[in-house]
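Q: Just passing along the structure, written as structure tokens.
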Amino acid sequence: MADQNPADVLDTEGPAAPPRSNGELVFEEPWESRLFGITMAMHEAGMFDWEEFRQLLIDEIRIWDGADHAEEDWSYYERWAAAFERLLAHKGFFQADEIQIRADSFAARPHGHDH
């Protein structure tokens, strides 16, 4: 897996396809590109099978599509994050509550102090 290019595993069409502009990946916020990079690095290191993550991502998109979101805008990378959290918990890298505790801790930091 280590020699796979992200272009070899990312969908270009369909529900799991990431946002693109002129063929290039689009990230609205810095955390999105960081999360993408972490996910790809873990996959390339052989820590999980891409299809397993892809199916979780598709499932998270379906869950979002089936719910009422009058107050929430669509965010592809929010769905990516949810799928990644599920993958981490499933693989035993973290417990689900540990992920939330860390996320809350990072969210509480002042702007510019997230590294």
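At position 33 of the sequence shown (counting the first as 1) the number is 250 in this note's numbering, and the numbers step up by one without a gap. Note that beta-carbon positions come from the ideal geometry of N, C-alpha and C, so glycine has one too.
Compare the C-beta of residue 289 against all C-beta atoms of chain B and say whether one is closer than 8 Å.
A: Although the question refers to chain B, the structure presented lacks it and comprises just one protein chain.
Q: What are the boundary residues of the alpha helix (DSSP H) that residue 312 is part of?
A: Within the sequence shown, the letter at position 95 stands for residue 312. No alpha helix (DSSP H) holds residue 312; DSSP gives it neither H nor E.
Q: My output table needs one value for residue 246: the three-state DSSP class, helix, strand or coil.
A: Mapped onto the sequence shown, residue 246 falls at position 29. Coil, per DSSP.
Q: Does the Cβ of residue 296 have 16 or more other Cβ atoms within 10 Å, making it buried, or fewer, making it exposed?
A: Counting from 1 along the sequence shown, the entry for residue 296 is found at position 79. With 16 or more Cβ atoms within 10 Å of its Cβ, residue 296 is classed as buried.
Q: Determine contact between the region 254-274 and the region 291-311, defined as no fewer than three beta-carbon pairs at a distance below 8 Å.
A: yes
Q: How big is the Cα-Cα spacing for residue 218 and residue 234?
A: In the sequence shown, residue 218 corresponds to position 1, counting from 1. In the sequence shown, residue 234 corresponds to position 17, counting from 1. Here the model assigns residue 218 a pLDDT of 45, short of 50, so the residue's position is not dependable and the matter cannot be decided.
Q: Residues bridged to residue 237 by DSSP?
A: Here residue 237 corresponds to residue number 20 of the sequence shown, with the count starting at 1. 242.
Q: According to DSSP, is residue 298 helix, strand or coil?
A: Against the sequence shown, residue 298 aligns to sequence position 81. Three-state DSSP puts residue 298 in a helix.
Q: Which word fits residue 256, buried or exposed, when buried means at least 16 other C-beta atoms lie within 10 angstroms of its C-beta?
A: Start at 1 with the first residue of the sequence shown, and residue 256 comes out as number 39. With 16 or more Cβ atoms within 10 Å of its Cβ, residue 256 is classed as buried.
Q: So, using beta-carbon positions, are residue 259 and residue 253 closer together than 8 Å?
A: Here residue 259 refers to the residue found at position 42 of the sequence shown. Here residue 253 refers to the residue found at position 36 of the sequence shown. In this structure, residue 253 does not lie closer than 8 Å to residue 259 by Cβ.
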